[in-house]
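Notes follow once the structure below has been shown.
Residue numbers (our numbering): 1370 to 1637.
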């Protein structure tokens, strides 16, 4: 546990799928202090950031280039969370952390590592190690990201793609997560970690989008080895609806909702 009365900044690092973001949720679920969240090198497809923003609308989310705003927020009493993905060199976050420490703000560094990993740069960097039951990483881990904002999926096709993805059809998957829009206007969070029996699905608390293409974030991030990014991109596009078909289905759903509303009104 973190003593938030003595810590102004927490930096967390570790492998994909090691539970970093879930740990944050548990630690800060009931926090009333202002929270600043900063995750470098995720601006193009920030799946976790957008999920956290829905769960914690009072948090402030900063991007690279806004380090000055982060320092100012800490000076005004906010708690800063720096989440460093495995693809971010630990040294790249140290300049900011050391500057904050030199200004008198205590930092704590936590690393999430496989329980059978005895030593690593994370061990050397962290103040606290959190061991996680997960496989040791490969030395050739890749990250593939696909921003999908505006794309709407046929649910059956999406299910087939996701099953293929997690079964290894596009490479050896360590972690896959994403936010996707489906034709009935709902958005879902999808999550898979190697070793899980099943994927995790959660409907997101957003308004149904039933007119045109959704003007909000969606995207997919896949971590693994021997990833076939081109084939994933092509298959994803095949799962998405074109304008004409999307308009047709949305019109049907709007009409069904109107008919239901009128029937309820008549029965009242």
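Cβ atoms here follow ideal geometry from the backbone N, Cα and C, with glycine treated the same way.
Starting from residue i, trace the beta strand (DSSP E) in both directions and tell me its first and last residue.
| i | result |
| --- | --- |
| residue 1560 | 1556 to 1562 |
| residue 1452 | 1448 to 1453 |
| residue 1471 | Careful: residue 1471 lies outside any beta strand (DSSP E), inside the alpha helix (DSSP H) at 1459 to 1471. |
| residue 1514 | 1511 to 1516 |
| residue 1431 | 1429 to 1431 |
| residue 1480 | 1476 to 1483 |
| residue 1379 | 1378 to 1383 |
| residue 1600 | Careful: residue 1600 lies outside any beta strand (DSSP E), inside the alpha helix (DSSP H) at 1598 to 1608. |
| residue 1545 | 1541 to 1550 |
| residue 1580 | Residue 1580 -> no beta strand (DSSP E), and no H or E assigned at all. |
| residue 1500 | 1497 to 1501 |
What number of angstroms, rounded off, separates the C-alpha of residue i from the C-alpha of residue j?
| i | j | result |
| --- | --- | --- |
| residue 1417 | residue 1544 | 13 Å |
| residue 1624 | residue 1444 | 53 Å |
| residue 1449 | residue 1628 | 49 Å |
| residue 1520 | residue 1609 | 6 Å |
| residue 1536 | residue 1561 | 11 Å |
| residue 1617 | residue 1581 | 10 Å |
| residue 1612 | residue 1622 | 15 Å |
| residue 1615 | residue 1583 | 11 Å |
| residue 1366 | residue 1517 | Outside the modelled stretch of the chain, which goes from 1370 to 1637, sits residue 1366, for which no answer is possible. |
| residue 1435 | residue 1630 | 46 Å |
| residue 1419 | residue 1585 | 10 Å |
| residue 1400 | residue 1607 | 43 Å |
| residue 1499 | residue 1412 | 26 Å |
| residue 1533 | residue 1527 | 10 Å |
| residue 1485 | residue 1513 | 26 Å |
| residue 1487 | residue 1566 | 27 Å |
| residue 1397 | residue 1429 | 14 Å |
| residue 1546 | residue 1395 | 19 Å |
| residue 1492 | residue 1598 | 32 Å |
| residue 1570 | residue 1497 | 31 Å |
Excluding the 5 residues flanking residue i on each side, which residues of the same chain have their C-beta closer than 7 Å to its C-beta?
| i | result |
| --- | --- |
| residue 1388 | 1481, 1501 |
| residue 1555 | 1572, 1577 |
| residue 1568 | 1531, 1535, 1559, 1560, 1561 |
| residue 1347 | Residue 1347 lies beyond the stretch modelled for the chain, which goes from 1370 to 1637, so this question has no answer here. |
| residue 1470 | 1476 |
Quick one: measure Cβ to Cβ for residue i and residue j, integer angstroms, because I've assumed they're closer than 8 Å.
| i | j | result |
| --- | --- | --- |
| residue 1587 | residue 1548 | 5 Å |
| residue 1495 | residue 1479 | 6 Å |
| residue 1593 | residue 1542 | 4 Å |
| residue 1563 | residue 1506 | Not a contact, Cβ separation roughly 10 Å. |
| residue 1405 | residue 1439 | 6 Å |
| residue 1453 | residue 1380 | 6 Å |
| residue 1600 | residue 1558 | Not a contact, Cβ separation roughly 24 Å. |
| residue 1590 | residue 1414 | 6 Å |
What does a CB cutoff of less than 6 Å around residue i pick up in its chain, not counting 5 residues either side in sequence?
| i | result |
| --- | --- |
| residue 1551 | 1522, 1524 |
| residue 1511 | 1596 |
| residue 1509 | 1594 |
| residue 1407 | 1431, 1439, 1451 |
| residue 1421 | none |
Using CA atoms only, rank isn't needed, just tell me which of the options is closest to residue i.
| i | options | result |
| --- | --- | --- |
| residue 1384 | 1425, 1490, 1404, 1613 | 1490 |
| residue 1424 | 1569, 1393, 1498, 1614 | 1393 |
| residue 1451 | 1614, 1508, 1390 | 1390 |
| residue 1658 | 1399, 1470, 1483, 1409 | With the chain represented from 1370 up to 1637, any question about residue 1658 goes unanswered, as that position is not in the structure. |
| residue 1619 | 1568, 1553, 1607, 1630 | 1553 |
| residue 1472 | 1441, 1585, 1410, 1421 | 1441 |
| residue 1402 | 1436, 1598, 1446 | 1446 |
| residue 1626 | 1603, 1435, 1585, 1579 | 1579 |
| residue 1426 | 1412, 1574, 1606 | 1574 |
| residue 1437 | 1464, 1428, 1421 | 1464 |
| residue 1461 | 1602, 1570, 1382 | 1382 |
The alpha helix (DSSP H) spanning residue i covers which residue range?
| i | result |
| --- | --- |
| residue 1424 | 1416 to 1424 |
| residue 1529 | 1524 to 1535 |
| residue 1393 | 1389 to 1397 |
| residue 1442 | 1436 to 1444 |
| residue 1413 | Residue 1413 -> no alpha helix (DSSP H), and no H or E assigned at all. |
| residue 1493 | 1490 to 1494 |
Apart from the five residues on each side of it in sequence, which residues of its chain come closer than 8 Å, Cβ to Cβ, to residue i?
| i | result |
| --- | --- |
| residue 1466 | 1378, 1380, 1451, 1476, 1478 |
| residue 1410 | 1433, 1454, 1456, 1457 |
| residue 1602 | 1515 |
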